[in-house]
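Student:
Numbering (this note's numbering), first residue to last: 31 to 212.
Shown next as structure tokens:
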């Protein structure tokens, strides 16, 4: 498969599968002395992955739909504090799906708060649909909930597995499709 990809002239790989499968593809490419300078995986931003598959995925980039854990700052510290307090059984809270659950819970609680003392389903939804600047306490890019149905974020962060395969490094804290960002 790696050879067939190289024969097409491809210089980039995009993984839509599991990180383990992607590691096998990269291993096959390396065995064939093939170089794909751009390697992106849509899943795998999870520190637990580093201990098992990290070295096989060195240099692979991951889009991150929230502030990367490695970026630090007050929003990440609030997240870590909440995970320690409310989910102490989570030995490694630096997982993308744990963060997604945290953000969705934050959004749910915001909807309940806005819906008032006796929330209804309709009140909950209509209250959230009036929010123009939701950002999960700084963890995500600002979202206008009034008109975001079916829209993808304009900006994302990107992390990459470092050369040791033991850590993620932030390559773009904020990269936008129009080329702006930091």
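Idealized CB from N, CA, C, for every residue including glycine.
Considering only DSSP beta bridges, list what residue 277 is partnered with.
Tutor: Residue 277 is absent from the structure shown; the chain starts at 31 and stops at 212.
Student: Could you tell me the boundaries of the beta strand (DSSP E) in which residue 116 lies?
Tutor: No beta strand (DSSP E) holds residue 116; the alpha helix (DSSP H) holding it covers 104-116.
Student: Go ahead and pull the three-state DSSP assignment for residue 170.
Tutor: coil
Student: With a 10 Å radius around its C-beta and 16 neighbouring C-beta atoms as the bar for buried, classify residue 124 as buried or exposed.
Tutor: Counting Cβ neighbours within 10 Å, residue 124 comes out buried, since at least 16 surround it.
Student: If you run the structure through DSSP and keep just helix, strand and coil, what is residue 75?
Tutor: Three-state result, residue 75: coil.
Student: Using alpha carbons as the reference points, say which of 45, 98, 128 lies closest to residue 71.
Tutor: 45
Student: State yes or no: is the C-beta of residue 144 within less than 8 Å of the C-beta of residue 157?
Tutor: yes
Student: If you follow the alpha helix (DSSP H) that residue 60 is in, where does it begin and where does it stop?
Tutor: 49-61
Student: With a CB to CB cut of under 8 Å and the five nearest residues on each side skipped, what residues in its chain are close to residue 203?
Tutor: The beta carbon of residue 203 sits closer than 8 Å to those of 97, 98, 101, 187, 211, 212, all from its chain and outside the five residues before and after it, given in chain order.
Student: Go through its chain and collect everything with a Cβ distance to residue 120's Cβ below 7 Å, but skip five positions before and after it.
Tutor: 113, 128
Student: Output yes or no for whether 8 Å exceeds the beta carbon distance between residue 190 and residue 89.
Tutor: yes
Student: To the nearest angstrom, how far is the alpha carbon of residue 181 from that of residue 137?
Tutor: 17 Å
Student: DSSP three-state call for residue 95: helix, strand or coil?
Tutor: Three-state DSSP puts residue 95 in coil, outside helix and strand.
Student: Please state whether DSSP places residue 81 in a helix, a strand or coil.
Tutor: helix
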